[in-house]
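Numbering (my numbering), first residue to last: 3 to 368. Only one structure is covered here, and it is reproduced in the block below.
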Ligand code: HEM
């Protein structure tokens with residue numbers, strides 16, 4: 003193997019400018035000096051190594067998410083740029099899947115073995131993982147969406163007063179909060195989706211989109227009435243109650259697509275992509291949406307498996323960070339950032355019922 007020197011290596015003490023070794027390239031000397039091995043037990047070193055590997059992955063995740071967000075943020079995204087975002091999100095998903103598996107290594111720590119050094123952690127907790135908060139903010143998890151209205155910066159404001167590192171973490175998080183998130187840029191991108199061949203700024207775009215949304219909703223109402231009649235015939239409930247249930251789904255579709263009576267173009271674009279997934283021009287957009295869903299699903303599963311590992315090691319104790327522990331962690335598994343991508347699934351209808359496609363040639367369909 004031959005490694006090209008990075009600028010950082012060239013100036014590294016002890017590194018060779020001519021022919022960097024494996025260790026030089028990876029900064030191994032520095033990396034392996036960070037586990038405090040002489041002073042701690044094998045169990046505690048394991049605890050530290052597991053945490054550090056997670057934090058390294060978080061670092062990579064932040065980089066991938068920021069670059070995906072930046073690519074998506076340009077007003078005119080070249081067609082070939084979407085695959086690059088897809089590629090990054092696939093990597094992030096795989097990292098979360100790997101991290102979900104990694105809890106099993108943590109679980110080799112028995113409750114008793116953990117108690118040996120747990121008090122030494124003081125109030126240090128995953129709560130203070132600023133990279134975790136950074137990646138959540140970057141994805142688009144808002145403070146309002148957090149359980150109990152938890153302030154993600156609260157802990158860091160306190161830490162900023164106590165140490166330079168705390169102040170640095172707070173500054174970083176504050177600046178991330180002022181940036182657009184991946185979800186903000188994805189919504190802006192969705193709002194530019196050509197619907198029935200019409201793009202924002204085109205003459206009549208508003209009318210075209212409104213017609214599309216109205217015809218989708220009326221197809222859904224008709225289908226709901228048919229289903230209600232069929233299900234009550236099968237003896238699955240009183241016909242009026244069934245009708246009301248299906249009507250409320252159609253009402254939900256209206257609220258989703260037209261909150262406050264105004265069309266939400268991003269949601270209409272999303273519905274269009276999901277409904278006409280078979281169109282050649284929409285194949286990358288739908289792939290991107292699929293990968294975003296997959297990423298969020300992987301994150302939820304990662305949070306869930308963290309909670310199960312914690313339950314196994316500390317039961318229902320409160321966390322070192324002062325939360326209720328497992329109950330708090332379980333509550334975080336209900337977080338959904340890409341809310342619209344999840345909600346649209348409820349209002350999709352089968353292909354035969356969707357509104358007739360206008361301008362099929364626009365989408366590469368002869
Ligand atoms: C014995 C092992 C572990 C136990 C018992 C444990 C326990 C907990 C508990 C109880 C919380 C809730 C906050 C609190 O009150 O402290 C928490 C949060 C957290 N832990 Fe762990 N944890 C362990 C290992 C890890 C590892 C290896 C990581 C990897 C970085 C990690 C990352 C986090 C993160 C990021 C949070 C914040 C979650 C959020 O607020 O959404 N934990 N942990």
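Even glycine gets a Cβ: it sits at the ideal position worked out from N, Cα and C. Please read these numbers as outputs of a predicted model, since none were measured by experiment.
- Message: On a Cα-Cα basis, can you pick out the residue from 31, 183, 192, 308 that is closest to residue 1?
- Response: Lying before the first or after the last residue shown, residue 1 is absent from the chain, which here runs from 3 to 368.
- Task: Note down, in chain order, each residue of its chain lying with its Cβ closer than 7 Å to the Cβ of residue 239, except the 5 sequence neighbours on either side.
- Result: Walking along the chain shown from the start, residue 239 turns up at place 237. Same-chain partners within the cutoff: 233.
- Task: Please confirm whether any heavy atom of the ligand HEM lies closer than 7 Å to the CB of residue 53.
- Result: For the purposes of this step, residue 53 is taken as the residue at position 51 of the chain shown. Checking the Cβ of residue 53 against the ligand HEM gives yes.
- According to DSSP, is residue 197 helix, strand or coil? The sequence position of residue 197 within the chain shown is 195, counting from 1. Looking at residue 197 - three-state DSSP - the assignment turns out to be strand.
- Item | Beta carbon of residue 179 nearer than 8 Å to that of residue 159 | Mapped onto the chain shown, residue 179 falls at position 177. Mapped onto the chain shown, residue 159 falls at position 157. Against a cut-off of 8 Å, the Cβ pair of residue 159 and residue 179 comes out as no contact.
- Item | the ligand HEM heavy atom lying under 7 Å from the CB of residue 308 | Here the question's residue 308 lines up with position 306 in the chain shown. Correct: residue 308 has its Cβ closer than 7 Å to the ligand HEM.
- May I ask you to check if the CB of residue 111 is nearer than 7 Å to at least one heavy atom of the ligand HEM? Walking along the chain shown from the start, residue 111 turns up at place 109. Yes.
- Task: Compute the minimum distance between the beta carbon of residue 136 and the heavy atoms of the ligand HEM, and state whether it is under 7 Å.
- Result: In the chain shown, counting from the first residue as 1, residue 136 sits at position 134. Every heavy atom of the ligand HEM is 7 Å or more from the Cβ of residue 136, so no.
- Task: Given a cut-off of 8 Å, decide if residue 284 and residue 337 are closer than it, judged by their beta-carbon atoms.
- Result: If you number the chain shown from 1, residue 337 lands on position 335. If you number the chain shown from 1, residue 284 lands on position 282. Their beta carbons are not under 8 Å apart, which means residue 337 does not touch residue 284 by this criterion.
- Query: Are the region 132-152 and the region 46-62 touching, with three or more C-beta to C-beta distances below 8 Å?
  - Reply: yes
- Task: Using a threshold of 8 Å, state whether the C-beta atoms of residue 119 and residue 40 are closer than that.
- Result: Along the chain shown, one-based indexing puts residue 119 at 117. Along the chain shown, one-based indexing puts residue 40 at 38. No, they are not a contact pair.
- Query: Which class does residue 15 belong to by DSSP, given the choice of helix, strand or coil?
  - Reply: Taking the chain shown and counting its residues from 1, one reaches residue 15 at position 13. Residue confidence is low: residue 15 scores 48 on pLDDT, short of 50, so the model does not pin down where it sits. No coordinate-derived value is stated.
- Going by C-alpha distance, which of 187, 122, 209, 326 is nearest residue 70? The residue given as residue 70 occupies position 68 in the chain shown. Among 187, 122, 209, 326, the Cα nearest to that of residue 70 is on 187.
- Query: Just to confirm, does residue 327 get its C-beta within under 7 Å of one of the non-hydrogen atoms of the ligand HEM?
  - Reply: By one-based count along the chain shown, residue 327 stands at place 325. True, at least one ligand heavy atom lies under 7 Å from that Cβ.
- Message: Is any non-hydrogen atom of the ligand HEM found closer than 7 Å to the C-beta of residue 315, if you look at the structure I gave you?
- Response: Locating residue 315 in the chain shown gives position 313, counting from the first residue. Yes - the ligand HEM has a heavy atom lying nearer than 7 Å to the Cβ of residue 315.
- Proximity of residue 103 and residue 52 at Cβ, strictly below 8 Å: Within the chain shown, numbered from 1, the residue matching residue 103 stands at position 101. Within the chain shown, numbered from 1, the residue matching residue 52 stands at position 50. Taking 8 Å as the Cβ cut-off, residue 103 and residue 52 do not qualify as a contacting pair.
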